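**Q**
There are 2 protein chains.
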Amino acid sequence: MKLMLVGFGVVGQGLVEILRDKRAELESRYGFRAQVVAVATRSKGTLYHPDGLNLDWLLDAAQRGSLALYPPVDGVIRDEGILTLIRRVEADVLVEVSPTNLHTGQPALSYCLAAFDSGKHVVLANKGPVAVGYDELLEHAGQAGKLLRFEGTVMAGTPSIRLAMQALRGCVIAEARGILNGTTNYILTQMESGMSYADALAQAQQLGYAEADPAGDVDGWDAAGKLLILARALFNIPLKMDDLEVKGISGISLDDVKAAQAAGERWKLIARITPEGGSVGPVRVPLSSPLAAVSGATNAVTYVTDLLGEVTLVGSGAGRLQTGFGLLSDLLDIHERTG
Amino acid sequence: MKLMLVGFGVVGQGLVEILRDKRAELESRYGFRAQVVAVATRSKGTLYHPDGLNLDWLLDAAQRGSLALYPPVDGVIRDEGILTLIRRVEADVLVEVSPTNLHTGQPALSYCLAAFDSGKHVVLANKGPVAVGYDELLEHAGQAGKLLRFEGTVMAGTPSIRLAMQALRGCVIAEARGILNGTTNYILTQMESGMSYADALAQAQQLGYAEADPAGDVDGWDAAGKLLILARALFNIPLKMDDLEVKGISGISLDDVKAAQAAGERWKLIARITPEGGSVGPVRVPLSSPLAAVSGATNAVTYVTDLLGEVTLVGSGAGRLQTGFGLLSDLLDIHERTG
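Quick mapping for you: the protein sequence lines, in order, are chains S and Y.
Per numbering that gives the first Met the number 0, the very first residue in the first sequence carries number 0; after that it's consecutive.
Per numbering that gives the first Met the number 0, the very first residue in the second sequence carries number 0; after that it's consecutive.
1) For the stretch 78-95 of chain S and the stretch 40-49 of chain S, state whether three or more C-beta atom pairs, one from each stretch, are separated by less than 8 angstroms.
2) Between S:Gln165 and chain Y, is there a C-beta pair that is closer than 9 angstroms?
3) Tell me which same chain residues have a C-beta within less than 7 angstroms of the C-beta of Y:Ala90, skipping the five on either side of it?
4) So which residues of chain Y does S:Arg161 contact, with C-beta pairs closer than 7 angstroms?
5) For a contact defined as C-beta to C-beta under 8 angstroms, what are the partners of S:Phe324 on chain Y?
6) Mind checking S:Glu95: buried by the 16 CB within 10 Å criterion, or exposed?
7) Quick check: what's the CA-CA separation for S:Asn184 versus S:Ala292?
8) Would S:Tyr196 pass as an interface residue toward chain Y - the criterion being a Cβ-Cβ separation below 9 angstroms?
9) Chain Y partners of S:Gln205, CB-CB under 8 angstroms?
10) Okay, do the stretch 50-68 of chain S and the stretch 205-216 of chain Y touch, 3+ Cβ pairs below 8 angstroms being the bar?
11) Can you give me the C-alpha to C-alpha distance between S:Leu108 and S:Ile228, rounded to a whole angstrom?
12) Please tell me whether S:Tyr208 has its Cβ less than 9 angstroms away from any Cβ of chain Y.
13) Which of the three DSSP states, helix, strand or coil, is assigned to S:Leu57?
14) So which residues of chain S does Y:Leu320 contact, with C-beta pairs closer than 7 angstroms?
15) Should Y:Asn235 be labelled buried (16 or more other beta-carbon atoms within 10 Å of its own) or exposed?
16) Give a yes or no on whether the C-beta atoms belonging to Y:Leu290 and Y:Ile269 are separated by under 9 angstroms.
17) Between Y:Arg63 and chain S, is any beta-carbon pair separated by less than 9 angstroms?
18) Is it a yes or a no for the stretch 173-181 of chain S touching the stretch 293-305 of chain S, going by three-plus beta-carbon pairs under 8 angstroms?
19) Along the chain, where does the beta strand (DSSP E) that runs through Y:Ile172 open and close?
20) Less than 9 angstroms between the C-beta atoms of Y:Gly339 and Y:Ser117, yes or no?
21) Kindly list, in the order they appear in chain S, the residues whose Cβ is closer than 7 angstroms to that of Y:Tyr133.
22) I'd like to confirm the pairing. Which residues does DSSP put opposite S:Lys1 in its beta bridges?
23) By the criterion of Cβ-Cβ separation under 9 angstroms, what are the contact partners of Y:Ser328 in chain S?
24) So is S:Val72 buried or exposed if we call it buried at 16+ other beta carbons inside 10 Å?
25) Could you tell me the distance, in whole angstroms, from the CA atom of Y:Ala203 to the CA atom of S:Gly338?
26) Quick one: using the 10 Å Cβ neighbour count with 16 as the cut-off for buried, is S:Lys239 buried or exposed?
27) Report buried or exposed for Y:Gly263, applying the criterion of at least 16 other Cβ atoms within 10 angstroms of its Cβ.
28) Apart from the five residues on each side of it in sequence, which residues of its chain come closer than 7 angstroms, Cβ to Cβ, to Y:Val15?
29) What's the C-alpha gap between Y:Gly144 and Y:Arg231?
30) Going along the chain, which residues of its own chain have a beta-carbon closer than 6 angstroms to the beta-carbon of Y:Ala39, five neighbours each way excluded?
31) Under 7 angstroms Cβ-Cβ, which residues of chain Y neighbour S:Ala199?
32) List, in chain order, every chain Y residue whose beta-carbon is nearer than 9 angstroms to that of S:Ile17.
33) Taking any Cβ of chain S, which residues in the stretch 73-105 of chain Y have a Cβ under 7 angstroms from it, in chain order?
34) Could you work out which residues of chain S lie near Y:Gly314, taking near to mean beta carbons separated by less than 8 angstroms?
35) Assuming S:Lys257 is part of the alpha helix (DSSP H), what are its boundary residues?
36) Whose Cβ in chain Y lies nearer than 7 angstroms to the Cβ of S:Pro289?
Shown next, in the form of structure tokens:
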């Protein structure tokens, strides 16, 4: 399977590390062999080699800050425009891991459409195109007879999407509710030990959970973006951000946290979606709920189903290898379905 | 898809109810149409109709205690020997839901082998054959080019097997630990409210969680049987009951339960398996563990993986429709892979 990556930050590098370190295991267990033939970034340049790029050299160049540092081997093609390169590259799958834009999905959405139109499957960890452009993606995928996969967009590689869309087939899912943002859950957990909101946020930033500008996390927009994706994956309803009620955690005080603890409850930023609509906001969850037990940067989702009742999946919601695995699991799924 | 059921107790009837009530939904969403052509039981007789049995009549007869009460329609064939019928029936899948024998797997194991040998896929909710005869099952399945599926044997239909074997592909699972028996978890949960072991057991029996002879549950053998299945599904290691350390919950006193509560812990009957071996026994679990939050008759399993860290699935571990769904999800999987 020949891969082209668009974007090559933490997650893209995580995938490449996995492909390098698990090469023998993936081949022997699943008959899966992958080659990275192209990497395209906006800030670090682009690389293309029809026979495949050397993964060690690629990671080394990226970690030193520029794909220009990839050794000058025969046949390597550099610094093409991203869209031109997508159309030109002979690859089976486009792996979209460029930065997320939850308003327009761009420029990643155009990259994905160009990939389908040039005969490639598309796998994303980038939420934007799926949250904003699902119909267009499916339409182009259908026309090309190619597959769209996006496990890594919700709860990193913890298989929230695959659980709902594959393992629970035969059930009707009536509702999903979960803790879909690790930063806010980490902050709320730290506040339960008496830490102030500001200190907990600073610590989350130090640990790399929260961005320098934490608004996307603490104001609920990251969770809301994931909810738009679940709305499509579970119910195929075309919600927009404006359709959701979104409230963050910045209004939760230490006193609020203590009051909940005294009542045997925990504040959680709960994202909830039904076929009627969705919301993100802080909720006092009773300790009897499986979501109450989810501490730190961990994520969780509960699916409410007709035949099984409630099914809850708890796991990592971020991380280099965790999100890299989300991409890998989609690649293995495509390998199995097309191999 | 033509089905033959062996066994027609609660779980088999649950599957037939689902097939009846979801007929239109299963056809429109998955292109799945199933027909029950035969039902074979040891105590209620057998039925076979090459054109399919009427599901309402079938459920009615079973609920009235005997398949002999199925109406005398043209073409129906009654009271054959089970093995003879398995070999004779034209069906795509044998659904094995007869009573479990964790020592020999029999007679169900012979039924499954005969099904493979006569060209049928096999789907089980019956733990015995998978726990005891996995090698034989796989060998006959392989020779026949047919599929073996057993989602319903562990945590009913909550997709513990499909999560490990399909959704987590690409990860190496190093360990599984979980609460795989609902009866014991219900008893331990009730004891935390001050109820005695004997009273909690009586209540579990009243609610239908525990058998009249509760030894299989409270002494850990039910969980151990599921562990043998996970040992195969996750690690393909051929463990026997004698290889496991198995201890039940009957030695846990109210004082033990209170002492754990005072220390911020909960007693749980934890089944644990690694490639080196397995055990079932009561463990004091800290409240920070996702397994500590699992109350009542609910089940849960945590997979410890190389790329994702810990992934925990929480859901129902028993029930008519829940286990029926486990069977249905296997049938849909076979439908997808062979359709």
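Backbone N, C-alpha and C define an ideal beta-carbon position, used for all residues, glycine too.
Here the structure is a predicted model, which means the values were calculated and not measured.
**A** Considering the structure as presented:
1) yes
2) For the purposes of this step, residue 165 of chain S is taken as the residue at position 166 of the first sequence. Cβ-Cβ to chain Y under 9 angstroms: yes for S:Gln165.
3) Against the second sequence, residue 90 of chain Y aligns to sequence position 91. Excluding residues within five positions, the ones whose Cβ falls inside 7 angstroms are Lys1, Leu2, Met3, Val36, Ala37, Lys119.
4) By 1-based counting over the first sequence, the position of residue 161 of chain S is 162. The contacting residues are Ala166.
5) Looking up residue 324 of chain S in the first sequence gives position 325. Within chain Y, the residues near S:Phe324 are Gly169, Cys170, Leu306, Leu307.
6) By 1-based counting over the first sequence, the position of residue 95 of chain S is 96. For S:Glu95, the number of other beta carbons within 10 angstroms of its own is at least 16, and it is reported as buried.
7) Position 185 of the first sequence, counted from the start, is the residue given in the question as residue 184 of chain S. Position 293 of the first sequence, counted from the start, is the residue given in the question as residue 292 of chain S. Rounded to the nearest angstrom, the two C-alpha atoms are 11 angstroms apart.
8) If you number the first sequence from 1, residue 196 of chain S lands on position 197. False, the Cβ-Cβ gap to chain Y never drops below 9 angstroms.
9) Against the first sequence, residue 205 of chain S aligns to sequence position 206. Here the premise fails: no neighbours, minimum Cβ distance about 20 angstroms.
10) Verdict: no, contact absent.
11) In the first sequence, counting from the first residue as 1, residue 108 of chain S sits at position 109. In the first sequence, counting from the first residue as 1, residue 228 of chain S sits at position 229. A straight line joining the alpha-carbon of S:Leu108 with that of S:Ile228 spans about 14 angstroms.
12) Translated into positions along the first sequence, residue 208 of chain S becomes position 209. S:Tyr208 does not count as touching chain Y.
13) As a working note, residue 57 of chain S is residue 58 in the first sequence. Helix at S:Leu57.
14) For the purposes of this step, residue 320 of chain Y is identified with residue 321 of the second sequence, where counting begins at 1. Near Y:Leu320 (Cβ distances below 7 angstroms), the residues of chain S are Leu306.
15) Stepping through the second sequence from its first residue, residue 235 of chain Y is reached at position 236. Exposed, since its Cβ has fewer than 16 Cβ neighbours within 10 Å.
16) Numbered from its first residue, the second sequence carries residue 290 of chain Y at position 291. Numbered from its first residue, the second sequence carries residue 269 of chain Y at position 270. Yes, Cβ-Cβ distance for Y:Leu290 and Y:Ile269 is below 9 angstroms.
17) For this step, residue 63 of chain Y is matched to residue 64 along the second sequence. No, its Cβ sits nowhere closer than 9 angstroms to a Cβ of chain S.
18) yes
19) Taking the second sequence and counting its residues from 1, the one referred to as residue 172 of chain Y is at position 173. Per DSSP, Y:Ile172 belongs to the beta strand (DSSP E) from 172-178.
20) Outside the modelled stretch of chain Y, which goes from 0 to 338, sits residue 339 of chain Y, for which no answer is possible.
21) Locating residue 133 of chain Y in the second sequence gives position 134, where the first residue counts as 1. The contacting residues do not exist; Y:Tyr133 stays about 19 angstroms from chain S at best.
22) Looking up residue 1 of chain S in the first sequence gives position 2. S:Lys1 is bridged to S:Gln34.
23) Against the second sequence, residue 328 of chain Y aligns to sequence position 329. Here the neighbours are Ala166, Leu167, Arg168, Gly169, Cys170.
24) Counted from its first residue, the first sequence places residue 72 of chain S at position 73. The residue is exposed, with fewer than 16 neighbouring Cβ atoms inside 10 Å.
25) Looking up residue 203 of chain Y in the second sequence gives position 204. Looking up residue 338 of chain S in the first sequence gives position 339. Cα to Cα, Y:Ala203 sits roughly 49 angstroms from S:Gly338.
26) For the purposes of this step, residue 239 of chain S is taken as residue 240 along the first sequence, with counting starting at 1. A residue is called buried once 16 or more other Cβ atoms fall within 10 Å of its Cβ, and S:Lys239, having fewer, is exposed.
27) Counting from one through the second sequence, the residue named residue 263 of chain Y turns up at place 264. Burial call: exposed.
28) Against the second sequence, residue 15 of chain Y aligns to sequence position 16. Excluding residues within five positions, the ones whose Cβ falls inside 7 angstroms are Val35, Leu54, Leu57, Leu58.
29) Translated into positions along the second sequence, residue 144 of chain Y becomes position 145. Translated into positions along the second sequence, residue 231 of chain Y becomes position 232. Whole-angstrom Cα-Cα distance: 20 angstroms.
30) Residue numbering aside, residue 39 of chain Y sits at position 40 when the second sequence is read from its first letter. Cβ neighbours of Y:Ala39 beyond the five flanking positions: Val5, Thr45, Ile81, Leu84.
31) Here residue 199 of chain S refers to the residue found at position 200 when the first sequence is read from its first residue. Within chain Y, no residue comes near S:Ala199; the closest Cβ sits about 18 angstroms away, beyond 7 angstroms.
32) As a first step, residue 17 of chain S is located in the first sequence; it is residue number 18 there, counting from the start. By Cβ distance, chain Y contributes Gly169, Leu306.
33) none
34) As a first step, residue 314 of chain Y is located in the second sequence; it is residue number 315 there, counting from the start. Going along chain S in sequence order, the residues near Y:Gly314 (Cβ under 8 angstroms) are Leu307, Gly308, Glu309, Val310, Thr311.
35) Along the first sequence, read from residue 1 onward, the residue named residue 257 of chain S stands at position 258. Element bounds for S:Lys257: 253-261.
36) For the purposes of this step, residue 289 of chain S is identified with residue 290 of the first sequence, where counting begins at 1. Going along chain Y in sequence order, the residues near S:Pro289 (Cβ under 7 angstroms) are Ala292, Val313.
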